[in-house]
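Asker:
Residue numbers (the numbering used here): 81 to 269.
#1: Can you confirm whether the segment 157–166 touches the segment 203–215 when touching is taken to mean that 3 or more C-beta pairs between the two stretches lie within less than 8 Å?
#2: Taking the alpha-carbon positions, what's the residue 253 to residue 178 distance?
#3: At a cut of 8 Å, does the segment 115–124 reach the segment 140–150 through at least three beta carbon pairs?
#4: Mind pulling the beta strand (DSSP E) runs of 3 or more residues that sit fully within the segment 143–202?
#5: For residue 217, which of helix, strand or coil comes out of DSSP?
#6: Can you name the start and end residues of the beta strand (DSSP E) that residue 234 belongs to?
#7: Residue range of the alpha helix (DSSP H) that residue 228 falls in?
#8: My assumption, with CB atoms under 8 Å, is that residue 265 sits in contact with residue 251. Please give the rounded CB distance.
#9: When you compare each of 225, 199, 268 and 137 to residue 80 by their alpha carbons, which one comes out closest?
#10: Just to confirm my understanding: we take residue 171, look at its own chain, exclude 5 residues before and 5 after, and list those with CB closer than 8 Å. What are they?
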């Protein structure tokens, strides 16, 4: 086999197998560069690590945004997704309790009251998780916010106002973890 035939063989293999899928990896956890939700393409903006008491790894997360959406628009009525990979077992009720505290820290009582029914609907969907599980929250305008556990949809909650309030848990002024938020909204290099 000559060099020309070898190169042709490599090109054919590449065309058959398709382009390599790139991804971001943090703490051994991989986040694909893109997610397709129906006809909506979401692009990985960045990933981040949340530590508990500075040294204990609690979770890693990835923030996906619709094509062309800037991170500063993440709380607007735009397609977005947060994927959270947990390093510890957690009770669903603990996730709900923490979420409630963070909602109060990031939204006025009037805004929370306006979407209280949707918040309660979302909180009923959370289950106990084990280390290695991954929750995702995906918001698509005019569709709603889907909660999924390890890729299995748990339910859908409608409303742009709800999504803005709920995503503030990770992306608001007083998020779960400021360092995590800042890593997620920083453009990847």
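We put the beta carbon where it would ideally sit given N, CA and C, even for glycine.
Fair warning: this is a prediction, and the values are worked out from it, not measured in the lab.
Answerer: The short version:
#1: yes
#2: Taking the first residue of the chain shown as 1, we reach residue 253 at position 173. Taking the first residue of the chain shown as 1, we reach residue 178 at position 98. Cα to Cα, the separation comes out at about 16 Å.
#3: yes
#4: 160–166
#5: Here residue 217 refers to the residue found at position 137 when the chain shown is read from its first residue. Correct three-state label for residue 217: strand.
#6: What you label residue 234 is simply residue 154 of the chain shown in a count that begins at 1. Start and end: 232–237.
#7: Here the question's residue 228 lines up with position 148 in the chain shown. Note, residue 228: premise wrong, no alpha helix (DSSP H); beta strand (DSSP E) at 224–229.
#8: Taking the chain shown and counting its residues from 1, one reaches residue 265 at position 185. Taking the chain shown and counting its residues from 1, one reaches residue 251 at position 171. Correct: roughly 7 Å between the Cβ atoms.
#9: The structure shown does not extend to residue 80, since the chain spans only 81 to 269, so no value can be given for it.
#10: Along the chain shown, read from residue 1 onward, the residue named residue 171 stands at position 91. Within the same chain, residue 171 has close Cβ partners 208.
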